[in-house]
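Taking my numbering, the leading residue of the sequence shown gets 10, the next gets one more, and so forth.
Each residue gets a CB set at the ideal place from its N, CA and C atoms; glycine is no exception.
A short worksheet on the structure shown next.
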Amino acid sequence: MNLANQYRSVIQWEDPNEKELFIKFTESGDEIKNASKLILQPGQGCILTYEGKVQSVLVEEGTYDLKSDNTPFLTSVKKFLSLRDGSEHVMGIWFYRKADILNMRWGTRVPIAYTDPIYTFPILLSAFGNYSIRITKPQWFFENVIAGQEIYCHSHLKEIFISRVTQPITDYLANAKFSYVDVDSNLNTIAVEAKEKTASVFTDLGFEVLDFRIEGSQFDKDTLARIAKISDVQADVLAAKIAGVEYTEMQRIAAMRDAANNESGAAGMLMGFNAGDQGNSTMNQGSLEQQPATDSPLIKLKKLKELFEMELISENEYTDKKKAILDSM
C-alpha cells in the first residue's frame, strides 16, 4: 500500500445511522494527517481526545482544519497523530448526534398498584408512551457514561432512562389515585405531570426533555373483571330508571325470568312469585297494618299483568292466578 494512502486528509461521519448517538472514528490503517479537514454536518457534534483526555468539543457544523498552529494538542508538524493504539501519540475522534432524538419508547415495567378512590378496590395500572430529548452536556455524558465505547446507540440510552423514569411516574400515579373511569380522560394531565417529575432524571444525565407523551394505559385482568361487574350493575340501574321501575324490582323480575327458563318452567316461576309474597309476610312478622299496600290485591294484579305482558306466564296461567287473587278479596 502506498504510504500516501495511509494518511487521512478528510474526516467525517459517513452514513450516520439515526439510532447511533455516539460513534468513534476508527478506520483501520488510517492515520490523521496534519492539516486534515474535519467536517461536521448539521445536527452533528464532535469530541476530540488526545492520550485519553478530552481536548476539544466541537458543536458548530462546518469544516475544521486540524493544524498544529490552531490545535494546541497537536505536537508537531513532523509527528502524525494516529488512530492506532501503537502510535506514539493517540488521538480519538467521537462524533455524536446533536440533533433531537425523537420518539423514544417508554413503559412501566411492572403495574402500578393503588386503591380506586371511589370504588375502593385495588387497581393495577400499566402505562406506555414516547418522549423526545436533546443532548445538552455531551462532554459530561461522554466522560461519565460512554467511557470509551466505540458505538453508543439509542437502545443503550433507552435502557438507562426506563430504569430511572419509571419510579417517579409510578409514585405520581399512585399518589394521584385516579379512579379507573378517569384515567383515559386525564392522559394529557398525567403526561404533563410525568414530564415534570422526570425532568431531573434527564437533566442529571445531560439531556433536555423536549416532549413527553402517554399513548395509552392498561389494567390487569383482575381489575378489568371488577370493572366489568361494576359496568354491568350500572347498566342495569340505568335500564331500570329508563323503564320506570326500581332496581330491586328489576332484579326480582330477572330472577323470575331465570326461574321460568329452568326445568320447573312457568310453574316454578309462579311458586317463586308466591314464595316472594310469603317471604315478605315472614320478614314483616305480621306488620300488614304498617305496609298494607305491598300485599294488596291491586298490587298483586298489577305485578301479575306485568309478568303476562313480559310473556313470562301463559294466558291460562294469568287467568287462573288473576281469578285466585280476585276470589281472595
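* To do: Give the straight-line distance between the Cα atoms of THR124 and GLN243, rounded to the nearest whole angstrom.
  => 20 Å
* To do: Closer than 7 Å by C-beta to ALA108: which residues in its own chain qualify, once you throw out the five before and the five after it? Chain order, please.
  => GLY52
* Sorted by chain position, which residues of the same chain lie with C-beta nearer than 6 Å to VAL68's C-beta, five sequence neighbours on each side aside? -> For VAL68, the CB contacts under 6 Å within the same chain, skipping 5 residues up- and downstream, are GLY54 in chain order.
* **SER209 versus VAL218 - alpha carbon distance** => 9 Å
* Classification of LYS311 by the beta-carbon crowding that lies within 10 angstroms, buried from 16 upward -> exposed
* To the nearest angstrom, report how far apart GLN21 and ALA156 are at their CA atoms. => 22 Å
* To do: Could you pull out every residue in the same chain whose Cβ sits closer than 6 Å to the Cβ of PHE130, ignoring the five residues on either side in sequence?
  => Correct list, in chain order: ARG235.
* Beta-carbon proximity check, ILE223 vs LEU196, cutoff 8 Å -> yes
* Cβ of LEU57 within 7 Å of any heavy atom in the ligand PLP? -> This structure lacks the ligand PLP; in fact it carries no ligand of any kind.
* Asked: Alpha carbon to alpha carbon, what distance is there between PRO126 and HIS163?
  -> Roughly 39 Å separates the two Cα atoms.
* **Which listed residue (ASP336, VAL66 and THR72) has its alpha carbon closest to that of LEU47** => Among ASP336, VAL66 and THR72, the Cα nearest to that of LEU47 belongs to THR72.
* ALA248, buried or exposed, once every other Cβ within 10 Å from all chains shown has been counted against 16 -> exposed
* Asked: Which ranges does the beta strand (DSSP E) cover as unbroken runs of at least 3 residues, wholly within the segment 117-165, from first to last along the chain?
  -> Positions of the beta strand (DSSP E) runs, each at least 3 residues long and wholly inside the segment 117-165, are given as 121-124, 131-144 and 160-162 in order along the chain.
* Contact set for GLU324: own chain, Cβ-Cβ below 6 Å, skip 5 residues either direction -> none
* Asked: If you check the beta carbons only, do TYR105 and PHE31 fall under 8 Å apart?
  -> yes
* What three-state label does DSSP hand ASP24 in the structure shown? -> ASP24 falls in the coil class under three-state DSSP.
* **Straight-line gap, VAL66 to ILE132 (C-alpha atoms, nearest Å)** => 49 Å
* Asked: If you count every other CB in all the chains shown that lies within 10 Å of the CB of TRP149, and 16 or more means buried, which is it?
  -> The residue in question, TRP149, is exposed, as its Cβ has fewer than 16 Cβ neighbours within 10 Å.
* State the start and end residues of the unbroken beta strand (DSSP E) segment that holds TYR189. => Note, TYR189: premise wrong, no beta strand (DSSP E); not H, not E.
* In the DSSP assignment, what residue or residues form a beta bridge with THR179? -> By DSSP's assignment, THR179 forms no beta bridge with any residue.
* Tell me the DSSP bridge mates of SER65? -> LEU57
* **Local conformation of ILE322 per DSSP, three classes** => coil
* To do: Select from TRP103, LEU316, ASP220 and TYR140 the residue whose C-alpha is nearest the C-alpha of GLY61.
  => Considering only alpha carbons, the answer is TRP103.
* To do: Grab me the residues of ASP193's own chain with a C-beta within less than 7 Å of its C-beta, minus the 5 sequence neighbours each way, in chain order.
  => When the five nearest sequence neighbours on each side are left out, the beta carbons in the same chain lying within less than 7 Å of the beta carbon of ASP193 are those of SER226, in order along the chain.
* To do: Over the uninterrupted alpha helix (DSSP H) stretch that includes SER209, give me the two end residues.
  => 196-213
* Asked: Which of helix, strand or coil does DSSP assign to SER172?
  -> Helix at SER172.
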